[in-house]
Amino acid sequence: MSTSSMPTATTVTDIPEAMPHGVNMLHNPLFNRGTGFSAAEREAFGLRGLLPARVLSMQDQAARILENLRKKPTDLEKYVYLNDLVDRNETLFYRILIDNLEELMPIVYTPTVGQACQQYGHIFRRPRGLYISSEDAGQIAELLANWPIDDIRVIVVTDGERILGLGDLGAHGMGIPVGKLSLYTACAGIPPAMTLPIMLDVGTENKQFQTDPLYIGMPHPRLRGEAYDAFIEEFMQAVTARFPQVLVQFEDFANHHAFALLQRYRDHYRVFNDDIQGTAAVTLAGLFAALRLIAVEGGPRRKLSEQRLLFLGAGEAGVGIADLVVSAMVEEGLTPEEARGRCWFVDSHGLVVRRRDDLAAHKLPYAHEHPPLADFLTAVEELRPTAIIGVSGQPRTFTREVIERMGKYNERPIIFALSNPTSKSECTAEEAYTFTGGRAIFASGSPFPSVKLYGKTYNPGQGNNSYIFPGVGLGVVVSGARHVTDEMFEAAARTLAAQVTETDMANGRIYPELSRIRDVSAAIATAVAEIAFREGLATEPEPDDLPGYVREFMFNPTYDPMV
Ligand code: NAD
Numbered sequence: 418m419s420t421s422s423m424p425t426a427t428t429v430t431d432i433p434e435a436m437p438h439g440v441n442m443l444h445n446p447l448f449n450r451g452t453g454f455s456a457a458e459r460e461a462f463g464l465r466g467l468l469p470a471r472v473l474s475m476q477d478q479a480a481r482i483l484e485n486l487r488k489k490p491t492d493l494e495k496y497v498y499l500n501d502l503v504d505r506n507e508t509l510f511y512r513i514l515i516d517n518l519e520e521l522m523p524i525v526y527t528p529t530v531g532q533a534c535q536q537y538g539h540i541f542r543r544p545r546g547l548y549i550s551s552e553d554a555g556q557i558a559e560l561l562a563n564w565p566i567d568d569i570r571v572i573v574v575t576d577g578e579r580i581l582g583l584g585d586l587g588a589h590g591m592g593i594p595v596g597k598l599s600l601y602t603a604c605a606g607i608p609p610a611m612t613l614p615i616m617l618d619v620g621t622e623n624k625q626f627q628t629d630p631l632y633i634g635m636p637h638p639r640l641r642g643e644a645y646d647a648f649i650e651e652f653m654q655a656v657t658a659r660f661p662q663v664l665v666q667f668e669d670f671a672n673h674h675a676f677a678l679l680q681r682y683r684d685h686y687r688v689f690n691d692d693i694q695g696t697a698a699v700t701l702a703g704l705f706a707a708l709r710l711i712a713v714e715g716g717p718r719r720k721l722s723e724q725r726l727l728f729l730g731a732g733e734a735g736v737g738i739a740d741l742v743v744s745a746m747v748e749e750g751l752t753p754e755e756a757r758g759r760c761w762f763v764d765s766h767g768l769v770v771r772r773r774d775d776l777a778a779h780k781l782p783y784a785h786e787h788p789p790l791a792d793f794l795t796a797v798e799e800l801r802p803t804a805i806i807g808v809s810g811q812p813r814t815f816t817r818e819v820i821e822r823m824g825k826y827n828e829r830p831i832i833f834a835l836s837n838p839t840s841k842s843e844c845t846a847e848e849a850y851t852f853t854g855g856r857a858i859f860a861s862g863s864p865f866p867s868v869k870l871y872g873k874t875y876n877p878g879q880g881n882n883s884y885i886f887p888g889v890g891l892g893v894v895v896s897g898a899r900h901v902t903d904e905m906f907e908a909a910a911r912t913l914a915a916q917v918t919e920t921d922m923a924n925g926r927i928y929p930e931l932s933r934i935r936d937v938s939a940a941i942a943t944a945v946a947e948i949a950f951r952e953g954l955a956t957e958p959e960p961d962d963l964p965g966y967v968r969e970f971m972f973n974p975t976y977d978p979m980v
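Sequential numbering from 418 applies to the sequence shown in this note's numbering.
In C-alpha cells, the structure reads:
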C-alpha cells in the first residue's frame, strides 16, 4: 500500500494532472500554501500576481498565525480562527497543531470543542465532512457517492446524542468527528485526505435547538426503534461498499446505542467505539504504569490481577474499562469470573449487586453477590479497593473521606478521576495528593496543573484517549485489519505503559509527555498491526520492516517542492 496516489499536500508532485491551477489552487486547502508558494510554483500553477511578491517560509507563516491566535480573547475565538486556517491551508494547520499540541489540543478538542458544538450553528462558516439525515434513508449510497475522494481510511461518525458530557447536541455534534479526525492526523499522521467526519442527523430532543432558527440539523425528534436500526444498517452497508478499506469509529452515541452498535457490528466490519474501547485502553495503560511506578520506587511488584477496582459510574467508559481489565487479568491467569470479581461498580443507585432488579444489560456481568450498599464511601470501606476510577460525570464525588480511606488502606492508592470536563472531575489533583499525604497515584480525564506540596512537585497524569485511538487507527489502516479486537486495545495499553520512561516516573508521571505522542502512536500502530498480521486479520501485504513502514506512512506536513 502506498499513499502516493493520495492528494495529500505532501505528495502532490506524484499527480500533477490532478493539481488545481490559478485561484483554484489558492482555494483548495489540501494544496494551498498561500504566501508560502515558491517562485517556481507560482510560475507553474499560474499564481503570479495572485499573491504578494514576497515568499514566506512555513515557519514565518506559522509565527504569524500563532501571533494572531494568541491575541484572541477567548478559546472559542481561537477555535474559529483555527477552523478558518484548516479551510485555507491544511498543511500549515497541521504543522502548527503538531508543533504546539499541548497548547492547541484543548482548543481543537476538549474542552473548547464542547463549547463550539453548543454554538455550532452560530459559528458555522463552511461545512466539513458529510451530513446524512434520516430524510436521506434509502439514498445513503447516493450521498456517499458525492464525496470527492475514494480512498477514505478513517471515518468518525456520530449521531450527536451524547456529546462529551453535554448531552444531545444533534447535528451540532459534528464538531466532535471533525476535531477527533484532526487528532488522528496530528497524533498519528493519518493523511487528512484519507479521513472523513460524518454526522448521522436523525433529529434531536434538544428543545433549545429545535426552536433555534440557526440550528443546522433537522429539528424534529430523534428517529427511534426499528427505523433507527434500519437507518444505521443502511449506513454501514453503504459506507463499507463505497470505502472498502475504511475504519469506522463510533463516537458519542448515547449509552443504549453505543453498546448495541458495537456488539452488532464489531465482528462484521472494521469498527470500534472510542468512548468504550479507547477509554478502556488508556485507563488500563494508566493502571499498568501505576504498578510499574510502585515497583520502580522499590515498592511491591504487583500484578494487575491482584488489584481490586471500584468504579463510580457504570456507563460506556466504566464498563468498557472493566471489560478490558478483565481480558488483561485473564491473560495473567485468572478465570473470567475471578477477573470480573475484582471489578466492582457503584452507579447512581448504589453498589451494583446481583439482587438489584434495575440493572441495564451491560452492568449484569459485574453484579456480584453482595448486600446492597447505598453510597460510595461505604463501598470503599467494605471492599477496600486498591484503585478507584471515577467515570460518573458527577463532580466532587471522591470526597475527602473517600480519598482519606483510600490512603488508609493503601500505601500508594490509585485514584483516577476521569470525568470531563475539569468541572465534572470526581476530585482535583490537589485534593488527591493533599488527603493522602502525597501518596496518591492520580490521573484525570481533563488536564490539571502540577501541584506543589511538602516541597515536592506532583505531576498528575491525563488519561487522554488521544494516546490510544490515533495509534490504533494507524495500525488498523496500515495492516487493513478486518476487525479491531480487544487484543489490539490491550496491546495498545501495554505499549503506551511501556512508553512511560524512567524519567517520567521519577516525576510521578504515568503517561508520556504529550510532545512525544507521534512516537507513542507509531509504537502502538506497530503493535496493533503486528497482531493483525499474526492473527490473519490483515488485508494489506506485510512489510519487511513494519516500524519503518509505519513511520513512512505517517503524514508529515511540510512544503516539499511541488515542481
Ligand atoms: P455514561 O453516561 O455512559 O455513564 C455515566 C454513568 O455514571 C452511568 O452509569 C450513571 O448511572 C452513573 N452515574 C450518574 N450519576 C451518578 C452518581 N451520582 N453516582 C454514581 N454513578 C452515577 O457516560 P460515560 O461515557 O461512561 O462517561 C462518564 C464520564 O467519563 C464522563 O464525564 C466522561 O467525560 C468521562 N470520560 C473520560 C474519558 C477519559 O478520561 N479518557 C473517556 C471517556 C469518558
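Note that the Cβ used here is the ideal one computed from N, Cα and C, for glycine as well.
Collapsed DSSP secondary structure at residue i in the structure displayed
i	result
S599	helix
S896	helix
P609	helix
S550	strand
T795	helix
Y875	strand
G620	coil
Q411	Residue 411 is absent from the structure shown; the chain starts at 418 and stops at 980.
T575	strand
V417	Since the first residue of the chain shown is 418 and the last is 980, residue 417 is not available in this structure.
P661	coil
K720	coil
Q536	coil
I806	strand
G767	strand
K780	helix
F448	coil
Q627	helix
K489	coil
I615	strand
Distance, residue j Cα to residue i Cα
i	j	result
V797	F852	15 Å
S836	L729	10 Å
A942	A791	43 Å
R709	R829	12 Å
P812	D568	43 Å
L509	P609	12 Å
A731	F972	38 Å
Y875	G855	8 Å
A712	F660	47 Å
R718	A706	12 Å
L521	R639	34 Å
S867	V472	42 Å
L741	R725	14 Å
Start-to-end residues for the beta strand (DSSP E) that takes in residue i
i	result
P753	Per DSSP, P753 belongs to no beta strand (DSSP E); it is in the alpha helix (DSSP H), 753-757.
A558	Where A558 is concerned, there is no enclosing beta strand (DSSP E), although the alpha helix (DSSP H) it sits in stretches over 557-562.
F865	Here F865 belongs to no beta strand (DSSP E), and DSSP marks it neither H nor E.
G750	Careful: G750 lies outside any beta strand (DSSP E) and carries neither H nor E.
N690	688-690
I832	831-834
Residue range of the unbroken alpha helix (DSSP H) whose run includes residue i
i	result
I858	Premise fails: I858 lies in the beta strand (DSSP E), 858-861, not in any alpha helix (DSSP H).
N672	672-682
I515	507-516
C844	Neither: C844 is in no alpha helix (DSSP H) and is coded neither H nor E.
V763	Segment 760-764 is the beta strand (DSSP E) holding V763; no alpha helix (DSSP H) there.
I820	817-826
Nearest residue (CA-CA) to residue i, options the options
i	options	result
V530	H589, L561, A562, L560	H589
E605	Y884, V595, R951	This sequence places Ala at residue 605; Glu is not what is there. It is Y884 whose Cα lies nearest to the Cα of A605.
T902	T816, G925, Y686, A857	Y686
K873	E847, L598, L679, G758	E847
G453	G439, G463, A470	A470
E507	F705, V980, M979, P974	P974
F652	Q556, G577, V747, I738	Q556
A554	P565, Q654, F689	Q654
M905	Q478, A698, L521	A698
V894	V967, A914, F833	V967
V763	A745, M442, Y783	Y783
D501	G538, P446, V937	P446
K597	G587, V571, L586	V571
I593	T602, P789, I831, I580	I580
G582	Y976, E969, A675, S840	S840
L800	L768, T920, A777	L768
Closer than 6 Å: residue i CB and nearest the ligand SAM heavy atom
i	result
S840	Of the ligands this structure carries, namely the ligand NAD, none is the ligand SAM.
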